[in-house]
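First up is the structure itself, then whatever we jot down about it.
Numbering (our numbering), first residue to last: 1 to 112.
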């Protein structure tokens, strides 16, 4: 079943102002574009994400930036991974839910 997102919370692929940053299990920092967000979670895209994550993994230091401003910092659980082919590359759309806090989506919409 596919969720219908409020279009205010869907990020266009050309929008590079909304990113997520985190460290993987090897300590390497990743910066990935966000595809959508809500009060309780977000999804982002990364090359070969299904090789790095599995459902149930925890990202301990997830940080969400909008317009170069940190909006959220905390833990997130991986709840969805979907591989897609984009420009002849394997791209994974990774969905995660926030563990502790909620995201103030209205502060993002006001800035946009």
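C-beta: ideal position from N, C-alpha, C; glycine also.
- Of the other Cβ atoms in all chains shown, fewer than 16 fall within 10 Å of the Cβ of residue 83; this residue is therefore exposed.
- Using a Cβ distance threshold of 8 angstroms, residue 49 and residue 97 do not count as a contacting pair.
- Secondary structure note for residue 52: it is in no beta strand (DSSP E), and the uninterrupted alpha helix (DSSP H) holding it is 49 to 52.
- Comparing alpha carbon positions, the residue from 29, 54, 36 closest to residue 15 is 36.
- Pairing residue 64 with residue 71 gives a Cβ-Cβ distance under 8 angstroms.
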